[in-house]
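These notes concern the structure reproduced below.
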Amino acid sequence: MVGSLAPKDSTRKPITPRHGSLLREVVELINPLTGFWDDQLVRDTFLEEDANLIPSLPLHGGMSNRAAWHFDAKGAFSVNAYKVFRHDQLRSSRRGGASSSNTDPAHDSLWKKIWETDCAKKSKHILWRLCYNRHPLRVNLKRRGVVLDTRCPICQRFDEDGAHHFLKCKLMENVWCQLGLTRERYILLAQPSARDVIEAVMKMKVELKLKCCFALWLCWADRNRVREGEQCRGPAWIVQGVLVRMAEKDRQKSAVVSVGLSRSHRWEKPAAGHVKVNCDAAFEPGTGIGGWGCVLRDQDGAVVMACRGRIEAFLNPLQGELIACIQGIQAAIEVGVGHVVVESDAVAVVQAVYSSAYDLSAVTDLVAELRSLLSMNFISWVVQQSPRSCNRVAHELASLGSMSDPAMAPVLVPIQAHIMYLIADDSAPSK
Ligand SMILES: [Zn+2]
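If you want my numbering, it's the position in the sequence shown, counting the first as 1, plus 231.
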């Protein structure tokens with residue numbers, strides 16, 4: 232039992248108040264895959280003083296839980312502790328609840344599946360706790376004796392239990408629907424227990440499983456924000472968060488693929504009828520002065536236009552990258568490009584265009600300008616990230632820009648020999 236485990240003075244009692252904790256057994260604090268303490272969960276559960284002590288305790292794998300209690304402050308063994316333990320045991324057996332001993336093979340195999348899921352550690356914790364219905368949801372807290380209003384803090388209409396919070400609440404219904412997971416939501420709603428819900432998620436195809444994991448995690452994060460008195464960010468925020476993470480996974484996957492294909496590390500010509508605009512920014516740290524550069528090339532790799540310029544008030548790398556993209560897009564508008572592919576080596580640029588991640592940041596205006604230029608001037612457009620090795624020409628132009636005279640026209644004619652060399656090398660067939 233979590234009640235007495237930390238070796239502190241003579242009491243072995245953690246100082247963290249027991250009240251309201253949903254953890255019942257030490258095994259729940261152990262990462263089933265590594266067999267060691269789950270640091271994050273320990274920190275989430277205990278006060279700092281206990282949390283610092285617990286990870287130093289030795290663990291004995293393979294042992295079942297057994298009840299043990301320590302003498303009290305007067306050196307006596309209290310009968311109360313035993314009574315509490317028996318009461319818990321009887322209540323658990325009446326509920327038909329299996330004891331979560333770490334020798335249960337079904338428990339281990341479910342754990343393995345959760346741990347092998349390709350999502351953030353935080354979302355794995357959420358799934359783990361969900362399995363045992365251990366989230367401090369209001370109905371769960373009431374069951375633990377906390378006196379509180381059990382209504383959902385988001386919709387204020389129904390009791391907040393796991394099924395309501397993660398699946399039934401209007402907010403979540405909206406999220407599942409917008410993510411195209413209505414069918415999956417019904418499957419999960421039909422499950423008889425929290426653990427069956429997680430089993431069902433683990434059985435889904437990789438993409439659906441990931442979407443569900445991210446959705447459950449962000450839903451919980453948003454709910455905690457509401458509980459702490461902040462405003463609910465709502466379904467659009469959760470959906471956007473899930474989609475950005477799914478896009479990141481896709482990018483990671485293609486990055487892994489490109490390691491095996493040296494050709495993908497090189498700049499690639501755009502498809503027929505398209506113009507590719509590579510953009511980059513450069514800056515001198517500490518000077519506040521930077522430069523932008525962009526190069527437009529057609530389907531044959533031939534230069535349509537190359538530009539560079541100076542950025543007088545360089546605030547941060549993302550600001551520089553966005554300025555470079557805007558300049559590149561304006562150049563494409565000037566020469567009458569219909570189908571444009573904008574390439575930057577900064578992931579943040581792609582996130583800024585396709586998500587709301589930077590909508591309330593210092594670069595809001597630049598992001599808005601970039602989006603409106605794209606949506607109003609082209610038949611088709613795409614903004615993508617490429618490795619730096621594919622963006623060398625734009626990089627050279629940007630360093631040239633940082634040294635240029637602000638009064639000079641941005642179009643570069645003629646193009647310097649060392650940059651021409653890079654352009655030729657980009658289009659050369661791979662060795
Ligand atoms: Zn609700």
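The C-beta atom is built at its ideal place from N, Cα and C for all residues, glycine as well.
Please read these numbers as outputs of a predicted model, since none were measured by experiment.
Which class does residue i belong to by DSSP, given the choice of helix, strand or coil?
| i | result |
| --- | --- |
| Leu465 | The residue you asked about is not Leu; residue 465 is Gly in the sequence shown. It is helical. |
| Trp612 | strand |
| Asp380 | coil |
| Lys507 | strand |
| Trp448 | helix |
| Tyr652 | helix |
| Asp240 | Reliability fails at Asp240, whose pLDDT of 49 lies under 50, so the model's placement of it is uncertain and no value is given. |
| Arg274 | helix |
| Ser575 | strand |
| Cys525 | strand |
| Ala337 | helix |
| Ala513 | strand |
| His570 | strand |
| Asp453 | helix |
| Val594 | coil |
| Asp390 | strand |
| Val644 | coil |
| Cys538 | strand |
| Ile261 | strand |
| Trp268 | strand |
| Cys556 | helix |
| Pro433 | The sequence shown places Met at residue 433, rather than the Pro named in the question. Three-state DSSP puts Met433 in a helix. |
Evaluate residue i with the Cβ neighbour count: other Cβ atoms within 10 Å of its Cβ, from every protein chain shown; 16 or more gives buried, anything less gives exposed.
| i | result |
| --- | --- |
| Phe267 | exposed |
| Glu627 | buried |
| Arg619 | exposed |
| Ala544 | exposed |
| Cys383 | buried |
| Gly522 | buried |
| Glu438 | exposed |
| Gly215 | Outside the modelled stretch of the chain, which goes from 232 to 662, sits residue 215, for which no answer is possible. |
| Val211 | In this structure the chain extends from 232 to 662, so residue 211 is not present and cannot be described. |
| Ala648 | exposed |
| Asn283 | exposed |
| Gly465 | exposed |
| Arg375 | exposed |
| Tyr417 | exposed |
| Gly472 | buried |
| Glu574 | buried |
| Met634 | exposed |
| Asp269 | buried |
| Lys507 | buried |
| Ala467 | exposed |
| Leu368 | buried |
| Asn333 | Here the model assigns Asn333 a pLDDT of 46, short of 50, so the residue's position is not dependable, and the following value carries that caveat. So Asn333 ends up on the buried side. |
Between the Cα of residue i and those of the options, spot the shortest distance and give me the residue it belongs to.
| i | options | result |
| --- | --- | --- |
| Gln422 | Leu449, Ala394, Leu441 and Trp448 | Ala394 |
| Ala503 | Pro645, Asn405, Val571 and Gln561 | Val571 |
| Leu398 | Val428, Glu552 and Arg497 | Val428 |
| Gly569 | Gly551, Ser611, Val584 and Ile542 | Ser611 |
| Ser630 | Ile557, Gly559, Leu549 and Gly524 | Gly524 |
| Ala431 | Val378, Lys355 and Leu341 | Leu341 |
| Leu597 | Pro367, Ile557, Val581 and Met607 | Ile557 |
| Asp392 | Cys350, Glu415 and Leu361 | Leu361 |
| Phe481 | Gln561, Pro501, Glu499 and Cys350 | As written in the sequence, residue 481 is Asp, which differs from the Phe given in the question. When only C-alpha atoms are compared, the closest one is Cys350. |
| Lys352 | Leu604, Met403 and Leu449 | Leu449 |
| Ala452 | Ile357, Lys436, Met433 and Ile542 | Ile357 |
| Asn637 | Ile542, Leu604 and Asn608 | The sequence given here places Pro at residue 637; Asn does not occur at that position. When only C-alpha atoms are compared, the closest one is Ile542. |
| Cys463 | Leu419, Met435, Met403 and Ala555 | Met403 |
| Met433 | Trp359, Gly567 and Ala563 | Trp359 |
| Leu546 | Tyr585, Gly517 and Ala425 | Gly517 |
| Gly567 | Met435, Asn608 and Tyr585 | Asn608 |
Less than 7 Å between C-beta atoms, sequence neighbours within five positions excluded: which residues of the same chain meet that for residue i?
| i | result |
| --- | --- |
| Val624 | Asn509, Val526, Ile650, Leu653, Ile654 and Asp657 |
| Asp669 | Lying before the first or after the last residue shown, residue 669 is absent from the chain, which here runs from 232 to 662. |
| Thr348 | Lys355, Lys440 and Cys444 |
| Val470 | Val406, Gln409 and Leu410 |
| Val273 | Leu260, Ala282, Ile285 and Pro286 |
| Gly226 | Outside the shown range of the chain (232 to 662) lies residue 226, about which nothing can therefore be said. |
Within the same chain, show all residues whose beta-carbon is closer than 6 Å to that of residue i, passing over the 5 residues directly before and after it, in chain order.
| i | result |
| --- | --- |
| Glu565 | none |
| Val613 | Val572 |
| Asp390 | Val370 and Thr381 |
| Gln550 | Val594 |
| Gln582 | Ala588 |
| Arg476 | Phe445 |
Got a sec? Which residues, its chain only, sit under 8 Å from residue i by beta carbon, not counting five neighbours each side?
| i | result |
| --- | --- |
| Val534 | Val526, Leu527, Arg528, Ile646 and Ile654 |
| Arg497 | Ser620, Cys621, Asp657 and Ser661 |
| Leu553 | Val580, Ala583, Val594, Leu597, Val598 and Leu601 |
Hey, is the segment 512–526 in contact with the segment 589–605, meaning 3+ C-beta pairs nearer than 8 Å? no
The segment 632–649 / the segment 522–541 touching (three or more Cβ pairs under 8 Å): yes
Please determine if the segment 372–388 and the segment 440–459 are in contact, where contact requires at least 3 C-beta pairs separated by less than 8 Å. Contact between the segment 372–388 and the segment 440–459 is present: three or more C-beta pairs spanning the two stretches fall below 8 Å.
Flag this pair as touching only if the segment 431–451 and the segment 405–423 have three or more C-beta atom pairs under 8 Å; answer yes or no. yes
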